[in-house]
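S.K.: Residue numbering for the sequence shown follows the numbering used here, beginning at -13 and increasing consecutively.
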Amino acid sequence: MFTLFIGERDHNEIRAAIKVNSENVMDAIAEPIASTHDAQGGNMVIKRLNAGDVVYVESTLPNKHVEGDVTYRYTSFSGVMLYS
(Lines of atoms letter the chains of each structure in order from A and count residues from 1; the text may use other names and numbers.)
(Lines give C-alpha, C1' and ligand atoms only; values in the text may rest on other atoms or scores of the structure.)
Protein backbone atom coordinates (compact mmCIF):
# COMPACT_ATOMS: atom_id res chain seq x y z
CA MET A 1 0.00 0.00 0.00
CA PHE A 2 1.37 3.40 -0.95
CA THR A 3 0.18 6.88 0.00
CA LEU A 4 1.11 10.23 -1.52
CA PHE A 5 0.22 13.69 -0.20
CA ILE A 6 1.43 16.77 -2.04
CA GLY A 7 1.27 20.39 -0.94
CA GLU A 8 1.36 23.58 -2.97
CA ARG A 9 1.18 27.32 -2.23
CA ASP A 10 0.03 30.42 -4.11
CA HIS A 11 -1.74 29.66 -7.38
CA ASN A 12 0.67 27.01 -8.59
CA GLU A 13 -0.90 23.69 -9.49
CA ILE A 14 1.02 20.48 -8.86
CA ARG A 15 0.17 17.02 -10.11
CA ALA A 16 2.10 13.92 -9.16
CA ALA A 17 1.90 10.21 -9.86
CA ILE A 18 3.02 7.05 -8.13
CA LYS A 19 4.68 4.87 -10.73
CA VAL A 20 5.69 1.23 -10.63
CA ASN A 21 8.29 0.27 -13.23
CA SER A 22 7.38 3.43 -15.22
CA GLU A 23 3.64 2.56 -15.21
CA ASN A 24 1.34 5.19 -13.71
CA VAL A 25 -0.76 3.51 -10.99
CA MET A 26 -2.17 6.54 -9.12
CA ASP A 27 -2.40 10.36 -9.37
CA ALA A 28 -2.79 13.23 -6.91
CA ILE A 29 -3.34 16.98 -7.42
CA ALA A 30 -3.07 20.13 -5.31
CA GLU A 31 -4.54 23.24 -6.91
CA PRO A 32 -4.67 26.43 -4.79
CA ILE A 33 -7.19 29.01 -5.99
CA ALA A 34 -5.49 32.24 -4.85
CA SER A 35 -2.07 33.60 -3.94
CA THR A 36 -2.95 33.39 -0.23
CA HIS A 37 -4.25 29.83 -0.45
CA ASP A 38 -2.40 26.62 0.39
CA ALA A 39 -3.71 23.30 -0.90
CA GLN A 40 -2.90 19.68 -0.28
CA GLY A 41 -4.04 16.68 -2.25
CA GLY A 42 -3.47 13.00 -1.80
CA ASN A 43 -4.32 9.50 -2.77
CA MET A 44 -3.65 5.86 -1.88
CA VAL A 45 -3.14 2.71 -3.92
CA ILE A 46 -2.81 -0.97 -3.09
CA LYS A 47 -0.56 -2.65 -5.64
CA ARG A 48 0.91 -6.16 -5.73
CA LEU A 49 4.66 -5.95 -6.30
CA ASN A 50 7.33 -8.41 -7.30
CA ALA A 51 10.95 -8.56 -6.16
CA GLY A 52 12.93 -5.93 -8.06
CA ASP A 53 9.96 -3.64 -8.84
CA VAL A 54 10.77 0.07 -8.68
CA VAL A 55 8.23 2.43 -7.05
CA TYR A 56 8.65 6.22 -7.24
CA VAL A 57 6.83 9.56 -7.35
CA GLU A 58 7.00 11.81 -10.41
CA SER A 59 5.70 15.32 -11.04
CA THR A 60 3.45 15.14 -14.12
CA LEU A 61 3.47 18.85 -15.00
CA PRO A 62 6.59 20.43 -16.57
CA ASN A 63 8.56 23.07 -14.65
CA LYS A 64 6.73 22.49 -11.35
CA HIS A 65 8.08 21.75 -7.89
CA VAL A 66 6.69 19.94 -4.87
CA GLU A 67 6.22 22.25 -1.88
CA GLY A 68 8.21 21.64 1.29
CA ASP A 69 11.56 22.11 2.97
CA VAL A 70 13.32 21.11 6.19
CA THR A 71 10.91 23.21 8.27
CA TYR A 72 7.61 22.71 6.43
CA ARG A 73 7.02 19.13 5.33
CA TYR A 74 3.88 19.50 3.21
CA THR A 75 4.59 16.52 0.99
CA SER A 76 4.98 12.84 1.87
CA PHE A 77 5.27 9.44 0.22
CA SER A 78 4.88 6.27 2.26
CA GLY A 79 4.55 2.56 1.68
CA VAL A 80 3.88 -0.51 3.78
CA MET A 81 3.85 -4.21 3.03
CA LEU A 82 0.44 -5.64 3.89
CA TYR A 83 1.44 -9.29 3.47
CA SER A 84 4.07 -11.45 1.79
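Think of the CB as a built atom: it goes at the ideal place given N, C-alpha and C, for glycine as much as any other residue.
1. Is T61 helix, strand or coil when you go by DSSP?
2. Express the C-alpha separation of T57 and I15 in angstroms, rounding to a whole number.
3. Is the Cβ-Cβ distance between R(-5) and T46 less than 8 Å?
4. Could you check if P18 is buried or exposed, using at least 16 other CB atoms within 10 Å of its CB as the buried criterion?
5. Pick from A25, N29, A20, H23: whose alpha carbon is nearest that of M79?
M.R.: The short version:
1. coil
2. 22 Å
3. no
4. buried
5. Outside the shown range of the chain, which is -13 to 70, sits residue 79, and nothing can be said about it.
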